[in-house]
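One structure below.
2 protein chains.
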Amino acid sequence: MAMSSSKTIRRLEVVSPVPADIDIANSVEPLPISDIAQALNLGPKHYDLYGKYKAKVLLSVLDELEGAEDGYYVVVGGITPTPLGEGKSTTTVGLCQALGAFLDKKVFTCLRQPSQGPTFGIKGGAAGGGYSQVIPMDEFNLHLTGDIHAITAANNLLAAAIDTRIFHEASQSDKALFNRLCPPNKEGKRTFADIMHRRLKKLGIAKTNPDELTPEEIKRFARLDIDPESITWRRVMDVNDRFLRKITVGQGPEEKGMVRETGFDISVASEIMAVLALTTSLADMRERLGRMVIGNSKAGEPITADDLGLGGALTVLMKDAINPTLMQTLEGTPVLVHAGPFANIAHGNSSIVADKIALKLVGKSGFVVTEAGFGADIGTEKFMNIKCRYSGLVPQCAVIVATIRALKMHGGGPEVAAGKPLDHAYLAENVTLVEAGCVNLARHIANTKAYGVNVVVAINKFASDTEAEMSVVRTAALAAGAFDAVVCTHHAHGGKGAVDLGIAVQRACESVTQLLRFLYPLEFSIKEKIEAIAKSYGASGVEYSEQAEKQIEMYSRQGFSGLPICMAKTQYSFSHIPSQKGAPTGFVLPIRDVRASIGAGFIYPLVGTMSTMPGLPTRPCFFDIDIDIATGKVLGLS
Amino acid sequence: MAMSSSKTIRRLEVVSPVPADIDIANSVEPLPISDIAQALNLGPKHYDLYGKYKAKVLLSVLDELEGAEDGYYVVVGGITPTPLGEGKSTTTVGLCQALGAFLDKKVFTCLRQPSQGPTFGIKGGAAGGGYSQVIPMDEFNLHLTGDIHAITAANNLLAAAIDTRIFHEASQSDKALFNRLCPPNKEGKRTFADIMHRRLKKLGIAKTNPDELTPEEIKRFARLDIDPESITWRRVMDVNDRFLRKITVGQGPEEKGMVRETGFDISVASEIMAVLALTTSLADMRERLGRMVIGNSKAGEPITADDLGLGGALTVLMKDAINPTLMQTLEGTPVLVHAGPFANIAHGNSSIVADKIALKLVGKSGFVVTEAGFGADIGTEKFMNIKCRYSGLVPQCAVIVATIRALKMHGGGPEVAAGKPLDHAYLAENVTLVEAGCVNLARHIANTKAYGVNVVVAINKFASDTEAEMSVVRTAALAAGAFDAVVCTHHAHGGKGAVDLGIAVQRACESVTQLLRFLYPLEFSIKEKIEAIAKSYGASGVEYSEQAEKQIEMYSRQGFSGLPICMAKTQYSFSHIPSQKGAPTGFVLPIRDVRASIGAGFIYPLVGTMSTMPGLPTRPCFFDIDIDIATGKVLGLS
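Residue numbers (the UniProt record's numbering), protein chains in the order written: chain A, 1 to 638; chain B, 1 to 638.
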């Protein structure tokens, strides 16, 4: 399966000024995705088509390629961003277009699937931008191949099962409950469903015949005795619906007063999304989904999806979602889109299985470029300490995307806000502000370099940026230990604008000398791990709320202290305070609460208050989104 | 595009006793769906593949076939069912297997997509059963091609937009609101989004430049002034989650006390599902989605999705869902699966576009068999008066599925309940009970015949049914005016078991002499229409609650009285009382409330209390559903 992607390369004719994203995307006729697959030596048995321009690559490809060598593994992170974003996805795509279409390398882009919430809310789509995009961009942004919908369905089936189980347990005797759970078959014989053997094993009941259980064993088996106060499992929806953040359920007369306060998160915040991103095989996903903890019994024991009888059904709902989706860039290089956890509230990286497949498909001396969400303090840190820890994969190069705009903000420039005009400081040369802001870049470089990778800074050039401004960034980057720092113009020029970046990344990969070094060993206590990460932020210490202390104690007692840590922290500062730009030091990082995604496999401390359900603005993007009835084309998607 | 489906026919080797549905389904290797398409003379430009065994047939096929003749149009309804179901889907599939695989006819089966709620709850899947099934049955029952997920996403985006709009209106002046809705572009010029012209037109404001609106016009345009008490739009989820039936939203601190009582329905109860089922083209769907009414302004004017700026975005979310999904039966005949409204709370029929495509593809003297949910009193009635009214299609034959079991129940047999052992009366011969129960069948025959179609009764034979029992059914059916009444054994034998039924249906179609006669003209008032339907149930009159009177008055005032009526009524009796079996008369039908699906295009009176969100039992189906890790096959689906 050697790759010959050059067959699918297409040259762009770029126009200036750069047209709207959807107009660029619609101006290019995508290749049938089967052509992209064929260039990767993938035949029809290796993938399932979803329309003409998307295909799910089957996991069995990994088995077939087991002995093959991996390509180079490049992660793209960023400096601490402005609310406008600094073009990290766009740079990821542009870099790959450069490597594939101009430097004749085998290359694969690995991206997250975007949530539909922001697509119809404030942000718009996430397929890159300008002449560096994944196409068809409407299919990328809408439904894709249904993975997020599958997550929503699975998450909410589990949620429904929790409340209903509490309800049924409340009105039934142990015996009635047990008789319903293990009803007699036609021959009058009771049997356990296969999944029930997992709970029996957990309880230490070594019996296979329901009729042999003692009344005490029947009680322990049939009564989960979930403590409603302890339930951490929330419902999800892939819509920005702020009115679901906090709700009361169970107010119907048939629910007999069993009301409970809970809420919805956006679907990408579901633990099942994190499981999808971190799983390594169908068998592994089955186990992870089954061991997700939804809360505790009143005795303080963790209750899992398997205890509720759902690990198998959830896997069935997710069986197609585990296969990543093949798409293409504007210049015809291949892309795998898979999983989409947010980086501020989850681990913010696309899937392990997509990266693994891509690494095998590009093979030795090929390149896989994968994006880590938001600033490197959260995205790249979690890429290294969580994703690579579970995958066993070793990156050679980390790209850090920087913009003059964001550096000026870090140097003391006025506030940058979405939907408001940019201050003059950002539109005219101001070398002093840029220079001062490079402290932010420098800390991201130092932190990232410590993992043992070579760091390449990509200066994502905007029209108003000047030579003098870019020059100080390059100097500061090299001084901070970057392997290289290059200016790129892929938004305006496609891959051609990122050729220098591509060359730098290639050199960085070829000359790496170290292996991945984690920031902390798993053997550290939960607090030691939190403190190692806090230190990398510049914090002088960590402060735990009473609730956080209680949770850490509980998770340690339950045997979960060996998991890696996934900080839920603002992306707008190294610290917990979004307004602290640059490279703050001396602050004490407050841990408000600590939660756990046991199935996904991490503990997540909440640093301050992070919203897990965005809202819609007064004039959401959806006002502009429509369909051309005559052609069926989507209009107004940005 | 003549069809040569015989190429795809496959012979079944049937085993006795009949194995589990999933085992039969897994024992047959489905043909690649592209083979099925090819036999229909559909090429790759006519469909999009979704994996190997499903394809979405594009609506453009209808344009291509515009001049072609339609085939015969057969609707399958049933007698009033027991809670166990009488095999209506199974008969629909079996009849088509007979026509296609044994009688050498061109044939198409049109079915609804099942909701995933019941699949994981009590009922299990809905792909037919035994040797009359749609395959792969796991793909049929799970996700399919994502249509219900698209409906969920669209429904809930609209719901989020409603609450958020009220929230933003509450805190902003008219001017601030208007300025946000029509922000200045880079050149400082304000413009209306295209969709806003719809609202301007509705308000009678003939201006295209936002700067020219008067303060009064600004207020009328920007302030929807939705009355929270009037909101009929609920959120949906395709999960049996009874705790969401009644909830309070908006309890988060950021929502500033703007709490509201509302609830979730199951997704298939969404008006968007009804729109999908009743639409005839992309342009028509755009208009229907835009005119869906979510509630009233405080002044009592209906507020639509287009007023909220969402008609276009909802269409974009539904643009792939409008294409029906091609699958196959166990014997290789083609199936279109599309839309899935429940028949007790919505109109209970699969889509118009699927039937239209199928009728063109089978062509003259071919057969399209489509199913109408639950008993003929609700399913077939709505098929005729709502679906055929909007489609303009004319059926020739209606099949009524009857079982000895259900007829015994109608004749006075003991209660039949899901999950409980059947009484002895149902397992041994009892001609008297059967004979008495035929009053139910007779009324369904008379009602259905009145539409001008020939009625064929299909006696779906179970192993314990006797010749004497079946003989009285046949006699009663013919006496009641049925064209024919035949025994079928398709569950046990596949198409071979429904050959007699196939022959009867063919004769019925060929000898029809009348055109479709509706039960009521649209010009009737809402009450006159309700009363015409109530009379067909056997009611002596109709009683309206105060709330129902108020709503009828309101909808009439708002100009919606010309819509057809979709009764929300129990499927377990002709009347509103599920325990009234047989053919009750003399009852007064109570109308508790009246609602409207203006976009879908019907008024729906609520007869008694119908649950729009099922619950999970103590031991849901999901306990048995798992995946074989080695093969990836789904286990335990029933």
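Where is the CB? At the ideal position from N, CA and C, for every residue including glycine. Just so we're clear, the structure is a prediction, and the values are computed from it rather than from any experiment.
Practice task
Please state if the CB of residue 368/B and the CB of residue 376/B are separated by a distance shorter than 9 Å.
Solution key: no
Problem - Secondary structure of residue 190/A, DSSP reduced to three states - result: Residue 190/A falls in the strand class under three-state DSSP.
Exercise for the section: Using a Cβ-Cβ cut-off of less than 7 Å, give me the residues of the stretch 292-318 of chain B that come near chain A, in sequence order. Expected result: 309, 310, 312, 313, 315, 316, 317
Practice task
Compute the Euclidean distance between the alpha carbons of residue 130/A and residue 94/A, then round it to the nearest angstrom.
Solution key: Rounded to the nearest angstrom, the gap between the Cα atoms of residue 130/A and residue 94/A is 10 Å.
Exercise for the section: Just the C-alpha distance for residue 9/A and residue 65/B, rounded to the nearest angstrom, thanks. Expected result: Cα to Cα, residue 9/A sits roughly 37 Å from residue 65/B.
Problem - Of the residues 319/B, 178/B, 454/B, the one placed nearest residue 634/A, counting alpha carbons only - result: 319/B
Exercise for the section: Spell out whether any CB of chain A is found under 9 Å from the CB atom of residue 203/B. Expected result: no
Problem - Cβ-based contacts, 7 Å cut-off: residues of the stretch 130-152 of chain B near chain A - result: So the close ones are 142, 143, 146, 149, 150.
Handout entry: Collapsed DSSP secondary structure at residue 486/B in the structure displayed
Key = Three-state result, residue 486/B: strand.
Problem - Proximity to residue 110/B [Cα-Cα], best of 365/B, 449/B, 352/B - result: 352/B
Handout entry: Reduced DSSP category for residue 29/A - H, G, I as helix; E, B as strand; rest coil
Key = coil
Practice task
Work out the CA separation of residue 248/B and residue 360/B for me, nearest whole Å.
Solution key: 48 Å
Handout entry: Interface partners of residue 50/A on chain B, CB under 7 Å
Key = 50
Handout entry: Per-residue DSSP class, three states only, for residue 637/A
Key = If DSSP states are grouped into helix, strand and coil, residue 637/A belongs with coil.
Practice task
Answer yes or no: do residue 100/B and residue 495/B have a C-beta to C-beta separation smaller than 9 Å?
Solution key: yes
Problem - Any chain B beta carbon closer than 9 Å to residue 187/A - result: The Cβ of residue 187/A sits no closer than 9 Å to any Cβ of chain B.
Exercise for the section: Give the straight-line distance between the Cα atoms of residue 530/B and residue 543/B, rounded to the nearest whole angstrom. Expected result: Approximately 11 Å, taken between the alpha carbons.
Exercise for the section: Could I get the ranges of all uninterrupted beta strand (DSSP E) runs contained in the stretch 60-109 of chain A, with 3 residues as the minimum, in chain order? Expected result: 72-78
Exercise for the section: In angstroms with no decimal places, state the Cα-to-Cα distance between residue 431/B and residue 468/B. Expected result: When rounded, the distance between both Cα atoms is 7 Å.
Exercise for the section: Evaluate contact between the stretch 257-264 of chain B and the stretch 330-340 of chain B, counting only Cβ atoms and requiring at least three cross-stretch pairs below 8 Å. Expected result: no
Practice task
Could you pull out every unbroken beta strand (DSSP E) segment of at least 3 residues lying fully inside the stretch 318-355 of chain A, listed in chain order?
Solution key: Qualifying beta strand (DSSP E) stretches, in chain order: 325-329, 334-337.
Practice task
Mark residue 56/B as exposed unless 16 or more other C-beta atoms lie within 10 angstroms of its C-beta, in which case mark it buried.
Solution key: buried
Handout entry: From 157/A, 196/A, 419/A, 140/A, residue whose alpha carbon lies closest to that of residue 317/A
Key = Nearest option by C-alpha distance: 157/A.
Handout entry: Paired residues, beta bridge with residue 48/A - DSSP
Key = 56/A
Problem - Opposing strand residues paired with residue 129/B [DSSP bridges] - result: 132/B, per the DSSP bridge assignment.
Problem - Contacts of residue 237/B in chain A (Cβ-Cβ under 7 Å) - result: Listed by position along chain A, the residues whose Cβ is nearer than 7 Å to that of residue 237/B are 156.
Exercise for the section: Give me the Cα-Cα distance between residue 493/A and residue 97/A, rounded to the nearest whole angstrom. Expected result: 10 Å
Handout entry: Nearest candidate by alpha-carbon position, reference residue 538/B, set 582/B, 623/B, 454/B, 147/B
Key = For the set 582/B, 623/B, 454/B, 147/B, the Cα lying nearest the Cα of residue 538/B is the one of 582/B.
Problem - Beta-carbon gap between residue 136/B and residue 30/B smaller than 9 Å - result: yes
Practice task
Have a look at residue 449/A and residue 622/B and give me their C-alpha separation to the nearest angstrom.
Solution key: 48 Å
Handout entry: Sequence ranges, beta strand (DSSP E) only - wholly within the stretch 522-563 of chain A, length at least 3
Key = 541-544
Handout entry: Burial state of residue 588/B, where buried means 16 or more other Cβ atoms lie within 10 Å
Key = exposed
Practice task
Spell out whether any CB of chain A is found under 9 Å from the CB atom of residue 177/B.
Solution key: yes
Practice task
Using a Cβ-Cβ cut-off of 9 Å, state whether residue 36/A counts as contacting chain B.
Solution key: Taking Cβ atoms only, chain B never reaches closer than 9 Å to residue 36/A, which makes this a no.
Problem - Which of helix, strand or coil DSSP assigns to residue 118/A - result: Correct three-state label for residue 118/A: helix.
Practice task
Would you identify the three-state DSSP class for residue 502/B, choosing helix, strand or coil?
Solution key: helix
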